Structure formats: C-alpha cells, structure tokens
Amino acid sequence: MVSLSVSMVNLVLFWLSFISLTSEALVPSYRFHFCSNETTFIPNSTYHSNLKDLLFSLSSNSTREIGFYNNTVGQNPETSVYGLFLCRGDLTPDACQDCVSTATNEIVQQYCPAEKVALPWKNSQQSFCGTCWILQSQIASLS
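If you're matching positions, the sequence shown starts at 77 in my numbering and goes up one per residue.
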C-alpha cells in the first residue's frame, strides 16, 4: 500500500511539473531586463524612428526557422540602432515569435521607454542561452 501511494505521489508531481512547463510556454514573458539610464533619446527623433523600425524588423523576422536575427537601422553612427534576438534551438518558430514580439513591445512601452541601451531576457536553468534574448543599443554605448 505504501509503495502504491509513493508511486501515485510521483505521478501527480510529474503531471504538475508538466502542466507548469506547458502553461509557462503559453505565456510569453521574460524574466529580467536591464535599462541604462546613462544614454537616453528624445521622442520623435531620428533615433526614435530608427528604434521603431528596428523593433518591427526584429519582431517580423522572429518566425525564421534558425531562431536568430540581427539588424542595424540608420546610416549615421549617432542615430543608428543595433539589435538582435536569439531563441533557444528547441523552440518552435511560433514560440520564438511570441517571445520576441512580447519583449519588443514591453521593453519600450513599459520598462525602458527612452533608454538607448535596453536588454530583456528570459533564462532557463539548463541552458546558457535563454528562451529569448534581444539587445538594442547605440554603437557609442558599446565602446
């Protein structure tokens, strides 16, 4: 009788783990973000326009099978914006797109609305590369 109840507990724990993993995968979110308050941009500026174009480009290209994309928008180093995303290799293109779309919207609307350097990410306990990684920055911030 004791071994039956131990087996039942293990089965219940297994299913609860599976359900929590499944529900987490259905809700795109990221775990942490970093915003540099040292460099900001002016709303409706050339930089802001380039940033919008970059974020649209990242989100639009997040359905690629390879799960990676980088882009630069702008000709002038002062107003150019650089960005990339990397999705974990075992994610479907739809899951990658959900993550990238959520991150590109939330980072500028909620967390880092005027910062030139912003980094959202979602980590996993098992992988060096999290589910989703997006970086936007100005070249001067990288030097």
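Think of the CB as a built atom: it goes at the ideal place given N, C-alpha and C, for glycine as much as any other residue.
The model shown is predicted, which means the values in this text are computed figures rather than measured ones.
Status (buried if at least 16 other CB within 10 Å, exposed otherwise) for residue i
{"i": "residue 153", "result": "exposed"}
{"i": "residue 119", "result": "exposed"}
{"i": "residue 121", "result": "exposed"}
{"i": "residue 181", "result": "exposed"}
Cα-Cα separation, residue i to residue j
{"i": "residue 112", "j": "residue 123", "result": "16 Å"}
{"i": "residue 146", "j": "residue 110", "result": "19 Å"}
{"i": "residue 185", "j": "residue 179", "result": "10 Å"}
{"i": "residue 166", "j": "residue 117", "result": "36 Å"}
{"i": "residue 135", "j": "residue 125", "result": "16 Å"}
{"i": "residue 194", "j": "residue 183", "result": "7 Å"}
{"i": "residue 164", "j": "residue 196", "result": "15 Å"}
{"i": "residue 141", "j": "residue 114", "result": "36 Å"}
Check whether residue i and residue j have beta carbons under 9 Å apart
{"i": "residue 177", "j": "residue 133", "result": "no"}
{"i": "residue 130", "j": "residue 143", "result": "no"}
Residue i CB to nearest heavy atom of the ligand GDP below 8 Å
{"i": "residue 155", "result": "Among the components modelled here there is no ligand, and therefore nothing to report on the ligand GDP."}
Given 8 Å as the limit, is there contact between the stretch 149-158 and the stretch 172-187, that is, 3 or more CB pairs closer than that?
Put simply, the stretch 149-158 does not touch the stretch 172-187. Fewer than three CB pairs are less than 8 Å apart.
For the stretch 139-152 and the stretch 190-197, state whether three or more C-beta atom pairs, one from each stretch, are separated by less than 8 Å.
At 8 Å Cβ cutoff, the stretches do not touch.
Enumerate, from N- to C-terminal direction, the unbroken beta strand (DSSP E) stretches of 3 or more residues contained entirely within the stretch 140-180.
Runs found: 144-149, 157-163.
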